[in-house]
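Start counting the sequence shown at 1; every next residue gets the next number (the UniProt record's numbering).
What follows is a set of notes on a single structure, which appears directly below.
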Amino acid sequence: MRESKAKTAGGANFKFRELKVYNSTEYLWDNVKKYRQVFDRFETAYVYAELSLYNKAFDVQDWALRIELKCFRVEDQNRTEICSLTIDKEISRFDPTVYVREGWGNQKKGTFWKAGTYFWEAYIGGQKVGSKFFYIIEAEDDDSPDEDEERIADQYLKLQSVKMYEGPYDDVSSDDRTYLKQFSSQETRYIYLELDFLNLQPSQDWHLELFTKFHNQTRELKGQVSRLIQVEPEKDRIQLTVGWGAATPNLWREDQYTAEIVFLDSLIATVHFEVSDESMEGSPKVYLPGRDHPVLLNAEGEDSEEFEHIMADLDALIGLQEVKQQMREHAVYIQFLQLRQKRGFAMDTGIDVHAVFSGNPGTGKTTVARMMGKLYQKMGLLSSGHTVVADRVDLVGEYIGQTAPKTREVIESARGGVLFIDEAYSLARNNDDGKDFGREVIEILVKEMSNGAGDLAVIVAGYTDEMKRFLDSNTGLKSRFKLFYEFRNFLPQELSQIADYAATRLGVTMTLAAKALINETITKSFRERDRTFGNARYVHDLIEKAKVQMALRIMARDDSGESLSDEYLSTIEAEDVVKLTPSTVRERPTIPVNEDLLTSALAELDVLIGMDAVKAQLHELVRLVRYYRQSGRDVLNAFHLHTVLVGNPGTGKTTVARILATLYNALGILERGHIVETDRQGLVAGYVGQTAEKTAKVIEEAIGGLLFIDEAYALTQTQAGQRGDFGDEAIQTLLKRMEDQRGEFFVCVAGYPDNMETFLKANPGLSSRFDKILKFEDYNPEQLGRIADEMFRDRGVLLSAPARQHLQAYLAFLHKYRDAYFGNARTVRQLVVDILRRHDLRQAESGKGKRSPSARISRADVEHLKLDTKELSIQRKRIGF
């Protein structure tokens, strides 16, 4: 672009101002267009030239002007004329500036303009007054891009890194740059952005035109810079700097600013920075299109990790299958929401990032939290992705007024990443403890998660039960957490893998014998574990102690050790582990299988109606125990044989428990084979110390046999208004005796499905002690009918065909509309008793001559059973179910 004067029919009535190029006729503020010099072929229909002249005859006279606009294409230093346009224009004396706009092309985008170099020239009176180059670019391997799927700008480059620094007009070398995220208003001259792009079109040369627009907090345009560069072939990275300011300070006032980076009329990124009283080193927050949260773009280090690499690291963790699956599904769902947001769907709520991690110590909660921070950062939800670990000591002050600033300081240190609060339940102590400052921390956290500055993920962790009470301690807490991850105890085989990993980290190896002893120690500890069991932490400590024993053994040698090999100095022997885990073997009586009793017990099992899955499991158990006995293997160490019976009322749980006691006796596993039946009332006492004694007494009665605890879930249900419940004391006593007297008695616990699941999760030791679960399904209508027939037959009563048909229909009706109180066989028994009572009343009311000589149920005895849902609740109440 250049300035010149020209003499025309209008004389010296004008002065050349500017020649610009654009391809969109959209009107903007102050009659400007979207001026550019670089256009993508497939977004371009017409290319327009805008000639502007100063009207020197302004407010003096009207005059006329003839202008020629010519467009040329440049190829191999030769130019080819594309078009020549002649425009006659009447100039009004009221227009201070004259604009002439004309364009050339085709209505259909991508058909006329081909990739290459072009320029417009403007002539007045045969004399050239100005020229302007422009460039058509075309992405390779995409002849017809779909703008809905991908922005055209994204086909050319990808932003990798954004850094900011202050400098003079002539910039500073890269070695002297101090990168800032906050600038000093008293010292800042020019604010520069150092940009690093990945070149997505490395096989061709093309032109990059980058606009950088600086706005203050009220969105007023502070300044704008455009950079036009030629990107050479085989160049993988595009690095450039753009800056705006003044040679002397005081141009930048204290405020919040943004720098918008635009290419091909597409927003590439928005960079946030602050001008304050002092500068601060760091990286700015960068917002990418379609993302609500900033990212920290850095071309080096961890931030360049790809999404799948982070997920692969997560998958490489030992165990934690449920957590890993839940995290992957959560990540995929976030990607889905971001895709919808990119397509323009309205977001009714934000993306959930706050989470609750519940589980015992050493189950990997902190490790996963760090990975989650990296994942959120890569997905654009957090700007840095770092993790700050805190607990009550870090957050709670010692006196009034200290807690709030202490907590806010920790929150700000975690801004951009994850705030991981371990043992978070310690913040919510007893409700009557008014002097506890932990509640102040909770209130600050709730406020931060509700309407804070954002760019923060809060993860709270602790024991499962305590975390439930923690969430209930504040009405706002539970609603702020939508993600719940349960970290279960590692299994023995997983702990064995962790032992190998720990040995590698400690620089030692184990002999096969030593590893076998380590595995045995781990298994024993796993069986004896309580809620304080350290899981991975315990295993790391175990290997470290074995290493210490190895060192003591080696250093006890008489020689100086100079001749010992590196392998010998780093190998843990079996004797090193033995010193850690002295073992005792308990002798058990050898009792042969009682074939007659076994056959009788199995026959009693097989004649039961339904329960096909339960029967199959018990037959399988018998076959396995026979095989283990025949092969001389230890049955008690192979199976716990403690059993959970899960099912609705009246499904045969108690009956099967009695048969199970007989089976264990017949197989020689139990010495006596009797059954002791009890419930919460039989185990729990009313004051401290009595429950353990009462439970121990019941267990003593069950030695040599089976202890059957019906409705066992009642032991874990705290009574309303009570702070401490003695059911937990009964469970702890039971678990200890089950381990200390393994094989001397077995326990069967029974209850409803949902309640039993809660029961097993209530104490970490429960689920590990019970390795067999028998599920009792509800009887179907046909099975209920057979049960009714047997009950009538046992009472010497027959049913007439009409009565049998109506009863069967009613049983099907009850089954269809059954609820949580449906009693299965128990309901059938109550129906039978009710029918017999009505039969006897009818017989009693009849004269002696009219009484039936045989006990036979007629249709009249069952007609009160109505197949009407309106009558169902009344009938249930009348017959007691």
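All C-beta atoms, glycine included, are put in the ideal place defined by N, C-alpha and C.
- Scanning the UniProt domain "AAA+ ATPase" (639-780) for uninterrupted alpha helix (DSSP H) segments of 4 residues or longer gives 653-666, 680-683, 690-702, 727-740, 753-761, 764-769, listed from N- to C-terminal end.
- Taking a cut-off of 8 angstroms on C-beta distances, the region 175-182 does not touch the region 214-231, as fewer than three cross pairs fall below it.
- In the DSSP assignment, glutamine 256 falls within the beta strand (DSSP E) that extends over 255-263.
- Secondary structure at phenylalanine 357: strand, using DSSP grouped into helix, strand and coil.
- Taking 7 angstroms as the cut-off, the beta carbon of aspartate 576 is found closer than this to the beta carbon of glutamine 549.
- Just so you know, the alpha carbons of histidine 806 and glycine 610 end up roughly 22 angstroms apart.
- For alanine 139, the number of other beta carbons within 10 angstroms of its own is at least 16, and it is reported as buried.
- Linking valine 625 to valine 389 through their CA atoms gives a straight-line distance of about 50 angstroms.
- C-alpha of isoleucine 703 to C-alpha of phenylalanine 746: approximately 8 angstroms in a straight line.
- Across the set Asp778, Gly705, Phe72, the C-alpha of Asp778 shows the shortest separation from the C-alpha of tyrosine 817.
- Non-local beta-carbon contacts of serine 266 in its own chain, meaning distances under 6 angstroms to residues more than five positions away in sequence, involve Arg151, Ala153 in chain order.
- Look at the region 585-622 and you find these whole runs of alpha helix (DSSP H), each 4 residues long or longer: 595-606.
- Classified as exposed, cysteine 83 has fewer than 16 neighbouring CB atoms from the shown chains inside 10 Å of its CB.
- Fewer than three Cβ pairs drawn from the region 496-504 and the region 325-334 lie within less than 8 angstroms of each other, which leaves the two stretches out of contact.
- Assignment of glycine 785 by DSSP, reduced to helix, strand and coil, places it in the helix class.
- Inter-residue distance for leucine 580 and glutamate 739 is about 20 angstroms (C-alpha atoms, whole angstroms).
- Per the Cβ contact rule, the region 275-289 is not in contact with the region 53-62 (fewer than 3 Cβ pairs under 8 angstroms).
- Beta-bridge pairing by DSSP links asparagine 78 to Glu75.
- Residues of the same chain with a CB within less than 8 angstroms of the CB of threonine 212, apart from the 5 flanking positions on each side, are Leu193, Gln224, Val225, Ser226, Arg227, Val242, Trp244, Ala259, Glu260, Ile261, Val262 in chain order.
- Under the three-pair Cβ rule at 8 angstroms, the region 372-387 does not count as touching the region 507-523.
- Here DSSP, grouped into helix, strand and coil, assigns histidine 272 to strand.
- Valine 396 and glutamine 402 have their C-alpha atoms some 8 angstroms from each other.
- Under the 10 Å beta carbon count, serine 768 is surrounded by 16 or more other beta carbons and is classified as buried.
- Shown here, threonine 509 sits in a strand according to DSSP, grouped into three states.
- The beta-carbon distance between alanine 461 and phenylalanine 357, rounded to whole angstroms, is 4 angstroms. This is short enough to meet the 8 angstroms contact definition.
- Inter-segment contact for the region 595-610 and the region 641-660 is present: three or more beta-carbon pairs are separated by less than 8 angstroms.
- Below 8 angstroms, enough C-beta pairs join the region 724-738 and the region 760-774 to call them touching: three or more.
- For tyrosine 46, the pairing in a beta bridge is given by DSSP as Gly105.
- Considering only Lys128, Tyr165, Arg838, Pro405, the residue with the shortest C-alpha distance to phenylalanine 273 is Tyr165.
- Here glutamine 182 is near methionine 280, since their CB atoms are less than 7 angstroms apart.
- Bounds of the beta strand (DSSP E) holding alanine 122 are 116-124.
- Out of Phe39, Arg469, Trp104, Ala825, the CA that lies nearest to the CA of asparagine 648 is found in Ala825.
- By the C-beta criterion, the region 16-31 is judged to be in contact with the region 41-51, since at least 3 inter-stretch pairs fall below 8 angstroms.
- Listed in chain order, the non-local C-beta contacts of leucine 867 below 8 angstroms within the same chain comprise Ala809, Tyr810, Phe813, local neighbours out to five positions each way being set aside.
- The shortest CA-to-CA distance from alanine 247 to any of Asp171, Arg219, Ala750 is the one to Asp171.
- At the C-beta level, valine 676 and leucine 715 stay beyond 7 angstroms of one another.
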